[in-house]
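Since the structure comes first, as structure tokens, the remarks are kept for the end.
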Amino acid sequence: MQLVQWNPFREMDDFFKSFQHASTRGLPVTAEAWAPAVDISETPQEYRVKAELSGVNKDDIKVTTQNGVLTLSGERKAEKVEKDEKHHRIERSYGSFTRSFVLPDDVAEDRITAECKDGVVLVRLPKTEAPKAKSIEVKVH
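In my numbering, the protein residues as written are 24 to 164.
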């Protein structure tokens, strides 16, 4: 079962962005869309999704499930700039983000929990119990 929907263009985008950043050394970096880094793991009891969201207020993070898809969304708000403050380089990204993942069939969607600690959101996706084998008596007629 697919847990993460692979996007082949994301790796290409990251590759080309590395050239863009290298060519703008010393120059301001333009604002660009961002998506938090995510780790996905599994234990016998649950799946775990960890999203790196440092600088994002807990109240600005939304975790939802719908039709077998887990979605993390929110916004990292830009810091206020003082009138006399002059930036030489801005590399941190700000703005809205959305990450979505197709859930495996064995996730108990009604028992999903999420918590935020030290800038990392941990979403726990408990597994449903595997159906027990049922013996069926064969009747001879």
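Where is the CB? At the ideal position from N, CA and C, for every residue including glycine.
Fewer than three beta-carbon pairs drawn from the segment 129-142 and the segment 107-116 are found closer than 8 Å, and the two stretches are therefore not classed as touching. Note on GLY97: 16 or more other CB atoms within 10 angstroms of its CB, so buried under the neighbour-count rule. Under the DSSP definition of a beta bridge, PRO149 partners with GLU69. GLU138 sits in a strand when the DSSP states are folded into three classes. If you draw a straight line from the Cα of ASP83 to the Cα of ARG99, it comes to about 8 Å.
Distance from the CA atom of TRP57 to the CA atom of LEU93, rounded to whole angstroms, is 18 Å.
The segment 82-136 is shown to contain no whole alpha helix (DSSP H) run of 4 or more residues.
PRO59 counts as buried, since no fewer than 16 other beta carbons sit within 10 angstroms of its beta carbon.
Between the alpha carbons of GLY118 and ARG134 lies a distance of about 30 Å. Excluding five sequence positions before and after LYS73, the CB atoms of its chain that fall closer than 6 Å to its own CB belong to ASP62, VAL143 and LEU145, given in chain order. VAL86 is not a Cβ neighbour of LEU76, given a cutoff of 8 Å. Under the 10 Å beta carbon count, VAL79 is surrounded by 16 or more other beta carbons and is classified as buried.
Beta-bridge pairing by DSSP links VAL144 to ALA74 and CYS139.
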